[in-house]
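Numbering (the working numbering), first residue to last: 5 to 349. The C-beta atom is built at its ideal place from N, Cα and C for all residues, glycine as well. What follows is a single structure, written as structure tokens, with notes after it.
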């Protein structure tokens, strides 16, 4: 059963079938080959998404979309530009810093890409940066949303590996800041080498004025992360607080969200959430069938025999994830691989 499932999934990927459908078709075929009751598929798909922590995903996505439309993202860009925009290569550094701040609220690299990329990619191109560089920089900076809490992939990992999501958030904060600083340093050196961005500081606001304009936006990550770390509310409850805060700031304070905008914001959020939940449901069924076939135990024993030291284990797993991440969406990879690798680690 297992070889047929994996072969079917790989074949679907090769034919450019979507990730969720590929995993779902492989799972259904596996059930058919093993003569199992097809009701298992509905039951396991429902069980995969019927978990309270997963409720945070649609709320964080909605909060990110509210921030994008409500003017919060634009003010964060101006604030970041007032800090690092005055040096050569300041605009790319602004991109990294803004994505770091935005990721501390939205929890989604996709939402960060849309909200910040829509502002900074055209600005980078206007200042003479190559289009390919602007796109690559934005894509890389947006991935800080995977590391910096609240992170949707961290929520998925916490649910899959049955570990504390709050502790994952605490663990990700320091590395997220270090990666951001390292990326800004690289961007600065690279722009110096290429001779780009000598006039990036033109038109930036004074720090005090930018801070005043972005005050409400900057208070948002303080409330969300402070509430989580302070034990005031859970990560799932924090997602609802983020939506409420973004709605109040966008509608009442900044007054940039109109009633007509809410339908489009909600529609966009529902579609994004549905895609992620569909992937989680299918990946959950796939992981259940692999577990039923004893694949995690077999892989675990094999890894313990081959990769005996912790350093070799980390090196081997990261090399494998590097390749897997080229073909499988993050959510699906976490749901399938976390139950296999976490016990071995």
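Check residue i in the structure and name its three-state DSSP category.
i: residue 142; result: helix
i: residue 238; result: coil
i: residue 204; result: coil
i: residue 157; result: helix
i: residue 21; result: coil
i: residue 209; result: coil
i: residue 350; result: Nothing in the structure corresponds to residue 350, since the chain is present only between 5 and 349.
i: residue 305; result: helix
i: residue 231; result: helix
i: residue 257; result: helix
i: residue 322; result: helix
i: residue 167; result: coil
i: residue 92; result: coil
i: residue 133; result: coil
i: residue 317; result: helix
i: residue 40; result: coil
i: residue 54; result: coil
i: residue 335; result: helix
i: residue 330; result: coil
i: residue 111; result: coil
i: residue 311; result: coil
i: residue 180; result: helix
i: residue 162; result: helix
i: residue 121; result: helix
i: residue 28; result: helix
i: residue 199; result: coil
Just the Cα atoms here: how many angstroms apart are residue i and residue j?
i: residue 214; j: residue 220; result: 11 Å
i: residue 94; j: residue 282; result: 40 Å
i: residue 227; j: residue 250; result: 11 Å
i: residue 284; j: residue 48; result: 11 Å
i: residue 66; j: residue 306; result: 42 Å
i: residue 272; j: residue 279; result: 11 Å
i: residue 98; j: residue 73; result: 20 Å
i: residue 29; j: residue 50; result: 16 Å
i: residue 107; j: residue 255; result: 21 Å
i: residue 311; j: residue 320; result: 7 Å
i: residue 111; j: residue 325; result: 21 Å
i: residue 261; j: residue 109; result: 18 Å
i: residue 38; j: residue 159; result: 32 Å
Starting from residue i, trace the alpha helix (DSSP H) in both directions and tell me its first and last residue.
i: residue 69; result: 60 to 73
i: residue 268; result: 263 to 296
i: residue 149; result: 148 to 151
For residue i, which residues in the same chain have their Cβ closer than 7 Å to its Cβ, ignoring the five residues on either side in sequence?
i: residue 103; result: 116, 120, 145, 146, 148
i: residue 240; result: 56, 57, 59, 60
i: residue 32; result: 45
i: residue 205; result: 89, 90, 94
i: residue 332; result: 23
i: residue 12; result: 29, 30, 33
i: residue 42; result: 35
Excluding the five sequence neighbours on either side, which residues of its own chain have a C-beta within less than 8 Å of the C-beta of residue i, listed in chain order?
i: residue 343; result: 164, 165, 291, 295, 300
i: residue 232; result: 153, 154, 170, 173, 238, 239, 242
i: residue 265; result: 73
i: residue 407; result: Nothing about residue 407 can be read from this structure; the chain reaches only from 5 to 349.
Sorted by chain position, which residues of the same chain lie with C-beta nearer than 6 Å to residue i's C-beta, five sequence neighbours on each side aside?
i: residue 334; result: 157
i: residue 83; result: 214, 218
i: residue 276; result: 65
i: residue 191; result: 93, 96, 97
i: residue 85; result: 98, 208
* Taking one C-beta from the stretch 72 to 79 and one from the stretch 176 to 186 each time, how about it: are there three or more such pairs within less than 8 Å? -> No contact exists between the stretch 72 to 79 and the stretch 176 to 186.
* Count the CB pairs spanning the stretch 162 to 171 and the stretch 121 to 133 that are closer than 8 Å, and state whether there are at least three. => no
* **the stretch 21 to 28 touching the stretch 249 to 264, judged by at least three CB pairs closer than 8 Å** => no
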